[in-house]
Amino acid sequence: METDEIKYPAGFGFKDLVSYGISGLVVLDKASQTVIKKPLSDDCEEALARARDIYARLTERGGHPGILRYHGTVESGIRLQYAPNGDIRAFLTFRPPKQGLEITTKLHQRWAMQIAEALAFVHSAGVVHGDLTCHNVFLDGELNAKLADFAGSSLDGSGLLVCVAASHEYPGPTMSTQGDIFAFGSVLYEIVTGDSPFKGLPDDEIENRYKNGQFAGTSSLEKMGIIIRNCWLEKYNDLDPLLRDLKV
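Take a look at the structure:
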């Protein structure tokens with residue numbers, strides 16, 4: 001990746017780069033401990049505008065501790081809370097536990113509750129996330145889970161601007177709260193096991209299995225396994241009963 005191909009926000013450069021993906025790049029503003037997300041091209045502007053509108057909606061409704069704080073717009077991008085421990089997927093995959101950062105069952109349960117509560121708030125604001133994966137849940141300095149990345153989400157019934165990962169894709173209408181609940185089951189599965197469901201299988205094979213009601217095994221995962229399976233089997237019409245089960 002050549003740095004001269006990237007148009008950074010004014011005053012920032014390669015040394016500030018946090019992440020780089022299809023929809024945009026993220027740079028760290030060390031002075032304010034916030035990040036700036038900027039579209040890479042005109043093709044990405046619609047998605048970033050969608051994220052901006054959703055973050056603004058959520059902020060107007062009081063915000064939520066389980067969602068990255070929104071600090072408004074800057075240039076053609078948005079400014080968000082910085083999560084120094086990265087996303088959950090990277091944390092589980094690449095970062096060995098450090099003193100005080102051990103990955104425990106209690107931590108799994110905390111993340112599950114924080115994500116589910118944040119998702120319930122998102123749904124109450126007329127938003128369907130549509131791309132709920134461990135890659136889109138971040139960790140602050142105290143390892144609290146923070147839901148983020150609404151660039152492909154649905155607002156008030158608008159279409160999704162993202163393709164859902166096969167391992168998290170609801171076999172019914174993806175633009176639905178039920179689709180998010182199904183994906184939450186896959187997120188919880190990855191948190192507990194360290195891998196996404198059916199990791200290594202081709203996408204079309206995973207899709208066929210889901211359509212036929214065949215899901216990854218959860219019998220060894222105790223209470224979490226029951227909740228995961230309930231998400232996949234559409235036992236939860238909304239997040240209230242799921243949250244009750246998590247609290248038991």
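The numbering used here puts the first residue of the sequence shown at 1, with every later residue one more than the last.
Where a beta carbon is used, it is the ideal one built from N, C-alpha and C, also for glycine.
(1) Using beta-carbon positions only, say whether residue 24 and residue 40 come within less than 9 Å of one another.
(2) Can you give the Cα-Cα distance for residue 53 and residue 38, rounded to whole angstroms?
(3) I believe residue 216 touches residue 189 by the beta-carbon criterion, under 8 Å. Please report the beta-carbon distance rounded to the nearest angstrom.
(4) Using three-state DSSP, classify residue 4 as helix, strand or coil.
(5) Identify every run of the alpha helix (DSSP H) within the segment 30-99, keeping only runs that are complete inside it and at least 4 residues long; order them along the chain.
(6) How about residue 183 and residue 133: do their beta carbons lie closer than 9 Å?
(7) Do the CB positions of residue 187 and residue 168 come within less than 9 Å of each other?
(8) Am I right that residue 242 and residue 227 are in contact with their C-beta atoms under 8 Å? What's the rounded C-beta distance?
(9) Should residue 56 and residue 161 be called a contact, given that it needs their Cβ atoms to be closer than 9 Å?
(10) Whole angstroms is fine: what's the gap from residue 131's alpha carbon to residue 176's?
(11) Spatial neighbours of residue 1 within its chain, please: C-beta separation below 8 Å, excluding the five flanking residues on both sides.
(12) Tell me the residue span of the beta strand (DSSP E) that contains residue 20.
(13) Can you give me the Cβ contacts of residue 234 inside the same chain, cut-off strictly under 6 Å, excluding the 5 residues immediately before and after it?
(14) Residue 145 bridges to which residues according to DSSP?
(15) Give a yes or no on whether the C-beta atoms belonging to residue 260 and residue 82 are separated by under 9 Å.
(16) Starting from the Cα of residue 44, find the closest Cα among 239, 174 and 152 and give me that residue.
(17) Secondary structure at residue 154, three-state DSSP: helix, strand or coil?
(18) Run the CB neighbour count on residue 136, radius 10 Å, all protein chains shown included, and call it buried at 16 or more, exposed below.
(19) Express the C-alpha separation of residue 247 and residue 8 in angstroms, rounding to a whole number.
(20) Taking the alpha helix (DSSP H) that residue 210 belongs to, which residues open and close that run?
(21) Here's the rule I'm using: 16 or more other beta-carbon atoms within 10 Å means buried, otherwise exposed. How should residue 22 be labelled?
Quick answer:
(1) By 1-based counting over the sequence shown, the position of residue 24 is 24. By 1-based counting over the sequence shown, the position of residue 40 is 40. Inclusion of residue 24 and residue 40 in the CB contact set at 9 Å is warranted, their separation being smaller than that value.
(2) Translated into the one-based positions of the sequence shown, residue 53 becomes position 53. Translated into the one-based positions of the sequence shown, residue 38 becomes position 38. Cα to Cα, residue 53 sits roughly 15 Å from residue 38.
(3) As a first step, residue 216 must be located in the sequence shown, where it is residue number 216. As a first step, residue 189 must be located in the sequence shown, where it is residue number 189. 6 Å between Cβ atoms; contact.
(4) The residue labelled residue 4 in the question sits at position 4 within the sequence shown. Its pLDDT being 48, under 50, residue 4 is placed unreliably in this model, and the value from its coordinates should be taken loosely. If DSSP states are grouped into helix, strand and coil, residue 4 belongs with the helices.
(5) 45-60 and 88-94
(6) Counting from 1 along the sequence shown, the entry for residue 183 is found at position 183. Counting from 1 along the sequence shown, the entry for residue 133 is found at position 133. Yes, Cβ-Cβ distance for residue 183 and residue 133 is below 9 Å.
(7) If you number the sequence shown from 1, residue 187 lands on position 187. If you number the sequence shown from 1, residue 168 lands on position 168. In this structure, residue 168 lies closer than 9 Å to residue 187 by Cβ.
(8) Locating residue 242 in the sequence shown gives position 242, counting from the first residue. Locating residue 227 in the sequence shown gives position 227, counting from the first residue. Contact flag correct, Cβ pair sits at about 7 Å.
(9) Numbered from 1 along the sequence shown, position 56 holds the residue referred to as residue 56. Numbered from 1 along the sequence shown, position 161 holds the residue referred to as residue 161. Taking 9 Å as the Cβ cut-off, residue 56 and residue 161 do not qualify as a contacting pair.
(10) Start at 1 with the first residue of the sequence shown, and residue 131 comes out as number 131. Start at 1 with the first residue of the sequence shown, and residue 176 comes out as number 176. Their Cα atoms are separated by approximately 11 Å.
(11) By one-based count along the sequence shown, residue 1 stands at place 1. Unreliable positioning characterises residue 1 in this predicted model, as indicated by a pLDDT of 43, which lies under 50. A coordinate reading is not provided.
(12) Mapped onto the sequence shown, residue 20 falls at position 20. Residues 17-20.
(13) Within the sequence shown, residue 234 is the residue found at index 234, counting from 1. None.
(14) Sequence index remark: in the sequence shown, residue 145 carries index 145 (1-based). Beta-bridge pairing links residue 145 to 139.
(15) Nothing can be reported for residue 260, as the shown portion of the chain is limited to 1 through 248.
(16) For the purposes of this step, residue 44 is identified with residue 44 of the sequence shown, where counting begins at 1. Closest option to residue 44, Cα to Cα, is 152.
(17) Working through the sequence shown from its first residue, we reach residue 154 at position 154. DSSP places residue 154 in strand when its eight states are reduced to three.
(18) In the sequence shown, residue 136 corresponds to position 136, counting from 1. For residue 136, the number of other beta carbons within 10 angstroms of its own is at least 16, and it is reported as buried.
(19) Mapped onto the sequence shown, residue 8 falls at position 8. Mapped onto the sequence shown, residue 247 falls at position 247. Rounded to whole angstroms, residue 8 to residue 247 spans 44 Å at the Cα level.
(20) Working through the sequence shown from its first residue, we reach residue 210 at position 210. Start and end: 203-211.
(21) Start at 1 with the first residue of the sequence shown, and residue 22 comes out as number 22. With fewer than 16 other Cβ atoms within 10 Å, it is exposed.
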